[in-house]
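The sequence shown: position 64 = 65 (the working numbering), numbered continuously.
From the three backbone atoms N, C-alpha and C, an ideal C-beta is built for every residue, glycine too.
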Amino acid sequence: MNRLDVLFVIPTNVLDIKGGVTDAIEPPARARLMAAYLMRRNCSVDLFDSNVLDWSPEKMAQEVKTVNPHLVVVPVYGYNPSASTQTMPSAREFAQAIRNESPNTTIMFTGTHPAALPGKTLLDEPIDYICGGEGPITTHELLQAIKGGNGIQNVRGLWYRENGRAIPNAPAPLIDLNDEPAMDAWHLMDPRKYRPHHWQRFYLESEASEPYANPFSVEGCPFQCNFCNIHSTFRQGEGLRVEQGLARPGVNSYRFLKPELFVKEVEYLVKEYGVKYFKIPDEMFGLNPNHVLTIARLIKERFGNSLNIWCYFRIDTCNPKFLEPLASAGFTYLGLGIEAANSQVRSGIGKGFKDEKIFKVLEEIESVGLMGGNNFIFGLEGDTAESIQATYKMACELNGHYGNFYCRQALPGSKDYETARRIDYPLPERLSGPGWFGHAQYSEVSEPYYEGRDLTPAQILDFRDRAHIAYYRRPEYLDKIRKDPRFGEIAVQHVLEWISHLERNLKRKLVEDAKASGSFAPIPLQ
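Rendered as structure tokens:
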């Protein structure tokens with residue numbers, strides 16, 4: 002029996018506290034892209050996802066030893082585009098367990114966080130290599146080097162150790178999505194083992210079978226928000242494109258899968274696995290009119306509005322002509338990055354649209370039966386007590402079916418992280434800090450990033466938590482859910498159970514320490 006070439010080991014994601022409702026378990030989309038690339042080159046591939054197998058690191062290590070692959074790849078991502086850093090502690094546990102059980106097994110980390118801090122990650126973690134770029138080319142070339150007994154100096158995109166130092170190889174180019182579609186690897190992550198978000202199911206009881214899939218249609222985003230780190234894995238390939246005269250310096254890559262190929266993948270998932278619930282995980286799906294409208298038309302032609310699909314938009318890319326075609330093709334939620342009510346704060350993060358635009362877009366969305374998954378961030382540059390109060394007030398006035406509240410984090414790979422390091426801000430990875438879990442939104446040791454003087458991180462975190470709970474308990478929100486035929490009274494009960502559980506169980510060390518000091522002044526909700 003031939004030895005397996007590459008085994009993908011998916012670490013356990015950091016889950017939110019959901020209580021009576023079951024949150025999503027998403028297929029590992031980036032691993033799928035790499036696995037399909039390898040399979041088309043006649044490499045043998047398998048994947049163990051701890052999120053569906055419910056394996057401890059020790060159990061995973063035993064199974065890895067039994068398989069004995071040439072190479073273990075640990076993709077360090079999460080269930081939203083910026084969740085890689087908070088997955089690092091889990092990735093470390095799994096890598097350490099594999100190292101303990103099989104000391105000679107070769108392990109490589111890929112993902113947004115490792116690509117953002119490749120040298121540090123390589124020297125800090127119990128692994129052999131870091132992929133500093135997108136992943137497929139580096140993984141394939143490393144496998145060939147391992148099997149051929151050759152040196153690894155020519156493996157593009159690889160970081161390796163030499164005399165206690167982290168050494169980078171030449172970068173790897175970005176792949177062509179249309180030449181390298183990811184559909185071939187779905188059998189490694191059977192969608193019937195995964196499940197959608199509770200809000201995507203309209204807060205209703207789980208069905209007996211809820212297959213869930215997350216095919217990409219676009220990689221990258223042309224915008225450059227200070228808090229965003231998603232381009233870490235693309236930077237190497239973008240640099241090569243600049244050298245080749247194919248791109249300008251500082252311009253983010255933005256690659257499309259042909260709509261016909263994307264819908265072919267959707268059709269395969271529906272027919273092969275009975276998938277009804279879809280997430281399009283593109284950081285910026287809603288931008289190019291031809292791309293959006295062609296996908297909507299093709300899905301409608303094949304499936305009518307029988308599917309349940311959500312995707313990401315910006316307020317200033319939400320063209321009214323998109324809305325009716327999307328709604329008629331089974332799209333339900335548009336995840337919208339509103340971020341802040343104060344226009345100056347929004348402008349500081351590259352979102353200079355006016356308040357009137359926000360309310361108009363939400364009105365247009367709901368007029369065709371779509372729903373806003375409205376996202377807000379507290380603690381942005383320029384935020385004050387008054388401005389975060391205004392953001393919460395705007396969220397309530399919009400009264401979206403799903404309101405999502407974050408604290409700003411200086412995530413490795415973002416411009417905020419660069420600023421924080423430059424001003425010597427006490428980030429969670431400091432010697433006495435909580436480590437990478439400090440970047441997790443629902444972690445007990447979560448620590449927001451705020452470099453201003455008007456607020457403290459503890460005040461921002463405390464405000465976020467109270468705002469989140471209060472938002473879902475408002476009579477205006479509950480009435481809206483109750484009267485919507487997609488939701489109803491049972492959805493109201495599930496929302497209240499979820500929020501009650503969250504209120505009882507969400508612990509915050511930063512806030513508790515601040516209150517114990519005797520000088521803590523909470524910001525009122527207004």
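- For K394, DSSP assigns no beta-bridge partner whatsoever.
- Distance from Y274 to N309 at the Cβ level is roughly 15 Å; contact not present, criterion being Cβ atoms closer than 8 Å.
- Taking G439 as the centre and dropping the five residues before and after it, the same chain places the C-beta of P429, V446, S447 and E448 closer than 7 Å to its C-beta, in chain order.
- In this model, G251 and F488 are separated by some 45 Å (Cα to Cα).
- Taking all protein chains shown into account, L247 has fewer than 16 neighbouring C-beta atoms within 10 Å of its C-beta and is therefore exposed.
- Distances from the CA of F314 to each of V362, A342 and R347 were compared; the closest alpha carbon is that of V362.
- With 16 or more other CB atoms across the displayed protein chains lying within 10 angstroms of its CB, G336 is buried.
- Remark: C-beta atoms of G134 and G158 approach each other more closely than 7 Å.
- Distance between Y426 and L381, taken at the CA atoms: about 15 Å.
- In this chain, the beta strand (DSSP E) harbouring W311 covers N309 to R315.
- In the DSSP annotation of this structure, the continuous segment of the beta strand (DSSP E) that includes N376 starts and ends at M372 to F379.
- The alpha-carbon of N215 is positioned some 30 Å away from that of P127.
- One thing to note: C132 has its Cβ within 7 Å of the Cβ of T139.
- Close CB contacts of L497 within its chain, under the 6 Å cut and outside five residues either way in sequence, are absent.
- In the three-state scheme derived from DSSP, where H, G and I count as helix and E and B as strand, L497 is classed as helix.
- Straight through space, the alpha carbons of L8 and D177 are spaced by roughly 23 Å.
- Distance from the CA of K481 to the CA of M372, rounded to the nearest whole angstrom, comes to 12 Å.
- In the three-state DSSP reduction, P458 falls in the helix class (H, G or I).
- Linking L507 to D466 through their CA atoms gives a straight-line distance of about 8 Å.
- Cα atoms of Q345 and G353: separation of roughly 8 Å, rounded to the nearest angstrom.
- Pairwise C-beta distances place the segment 386 to 400 out of contact with the segment 213 to 231, as fewer than three of them are shorter than 8 Å.
- In the displayed model, N405 falls within a strand according to three-state DSSP.
- Leaving aside the five residues that flank I26 on each side, the residues in its chain whose CB is nearer than 7 Å to its CB run, in chain order, N52, V53, Y195 and R196.
- Annotated three-state conformation of F263 is helix, per DSSP.
- For V7, the secondary structure class from DSSP, reduced to helix, strand or coil, is strand.
- The three-state secondary structure of Y278, taken from DSSP, is strand.
- Annotation for Y418: the continuous alpha helix (DSSP H) segment containing it runs K416 to R423.
- For the 7 Å CB-CB criterion, Y204 and H495 form a contact.
- DSSP places G336 in the uninterrupted beta strand (DSSP E) bounded by F332 to E340.
- Within the segment 228 to 253, the runs of alpha helix (DSSP H) at least 4 residues long that lie entirely inside it are, in chain order, 236 to 244.
- Counting along the chain, no beta strand (DSSP E) covers L205, and no H or E run does either.
- Burial of P192 is indicated by the presence of at least 16 other C-beta atoms within 10 angstroms of its C-beta.
- In chain order, D6, V7, H141 and L144 place their CB closer than 8 Å to the CB of C44, counting only its own chain and leaving out the 5 sequence neighbours on each side.
- G436 sits in a helix when the DSSP states are folded into three classes.
- DSSP places T139 in the helix class (H, G or I) of the three-state scheme.
- Judged by DSSP secondary structure, P115 falls within the alpha helix (DSSP H) whose first and last residues are T113 to A117.
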